[in-house]
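S.K.: Shown below is the structure under consideration.
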Amino acid sequence: QDEHGAITHYQWDAVGRLLQTTLPTGATRAWRYNAYGKVITERDELGRTTRYEYADDLHLISRRLNPDGSELKYRYDSARLLLTDIENESGEHYRLDYTPNGLIRQETGFDGQRTGYAYDLNGHLLEKTEHGADGSQRITTYQRDSAGRLLRKTLPDATTVDYRYDALGRLVSVDDGHWPLAYEYDAQDRLVAEHQGWATLRYRYDSVGRLIHCRLPDRSALDYRHARGGALIAIDLNGTCLTEHRFKG
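By my numbering, the letter at position 78 of the sequence shown is numbered 282, and the numbering carries on one by one without gaps.
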């Protein structure tokens, strides 16, 4: 239930799969699943149905049939079952090429734009190269510490973004030279404050770690109310109900 009293209903099956949503207008969206829990049909609020097909025995999507009869096709390599090609409604292809250990080495978009990726021996991204149609290259590099944490990102225009961590490995600052970000944590490693320029977001949690309060930069307050079992039942803005959530057993 939102701040205007409008209610959206959700219907689930016995194993927790979403079957139907009913909007405040009465319009519905519905889903059907196969025996393996994969969506096979989706009906939207206008009654239009999208269908999904899966590769035999692999449970990987092979085709999406749109309500207008157009379709997307998905193809995988035979050895590692990695997605290698998507063919869209216009017959254009999005292709993915992989390294021997399964990381994306190059992707070619529907528009023919190629992007290449290079990694260190631990699989951390070190370089991204965007190839222009005119033969130009836009290179982004990533500098990391021995633990693989990102220390500096250098953009194609030579702009740098620096990342800093505390002794526990938590990200505490991101500095692009214009609007630096800073983060604070409590003893339980929970984020309690975000700072950017003059603006600060502050967070508070209950004894079991659930978010219960957020103070916005304009000093407005969001309060999160939970049921005894832990489910979120309402969000209040400055003491006024913003959204309300109801669950049926």
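For glycine and all other residues, C-beta sits at the position ideal for the given N, C-alpha and C.
1) Do you know offhand how far Val365's Cα is from Tyr387's?
2) Just curious, the beta strand (DSSP E) that Gly320 is in, first and last residue?
3) Which of helix, strand or coil does DSSP assign to Tyr369?
4) When the Cα of Glu189 is compared with those of Leu375, Asn305, Ala337, Tyr278, which residue comes out closest?
5) For the beta strand (DSSP E) holding Thr333, just list the boundary residues, first then last.
6) Could you tell me the distance, in whole angstroms, from the CA atom of Gly209 to the CA atom of Asp440?
7) Evaluate Tyr214 with the Cβ neighbour count: other Cβ atoms within 10 Å of its Cβ, from every protein chain shown; 16 or more gives buried, anything less gives exposed.
8) Skipping 5 residues on each side, what residues in its chain have a beta carbon closer than 8 angstroms to that of Arg424?
9) Would Gln347 pass as a contact of Lys357 if the rule is Cβ separation under 9 angstroms?
10) Could you give the DSSP three-state label for Val396: helix, strand or coil?
11) Cα separation between Glu291 and Leu276?
12) Using the beta-carbon count (16 or more within 10 Å), is Tyr240 buried or exposed?
13) Assuming the contact rule is C-beta atoms closer than 8 angstroms, Asp361 and Leu355 should be a hit. Round their C-beta distance to whole Å, please.
14) Helix, strand or coil for Lys242, going by three-state DSSP, please let me know.
M.R.: The short version:
1) Going from the Cα of Val365 to the Cα of Tyr387 covers about 16 angstroms.
2) Where Gly320 is concerned, the enclosing beta strand (DSSP E) stretches over 318–323.
3) Here Tyr369 sits in strand by DSSP.
4) In the structure as shown, the chain begins at 205 and stops at 453. Residue 189 is therefore absent and cannot be evaluated.
5) Per DSSP, Thr333 belongs to the beta strand (DSSP E) from 329–335.
6) Each residue's alpha carbon lies about 13 angstroms from the other.
7) So Tyr214 counts as exposed.
8) Inspection of the sequence shows that residue 424 is occupied by Ser rather than by Arg. In the same chain as Ser424, and ignoring 5 residues on each side of it, the C-beta atoms closer than 8 angstroms to its own belong to Leu441, Asn442, in chain order.
9) Cβ atoms of Gln347 and Lys357: closer than 9 angstroms.
10) Of the three classes helix, strand and coil, the one that applies to Val396 here is strand, per DSSP.
11) Annotation: Glu291 to Leu276 spans about 6 angstroms, alpha carbon to alpha carbon.
12) Exposed is the call here.
13) Contact flag wrong, Cβ pair sits at about 19 angstroms.
14) Coil.
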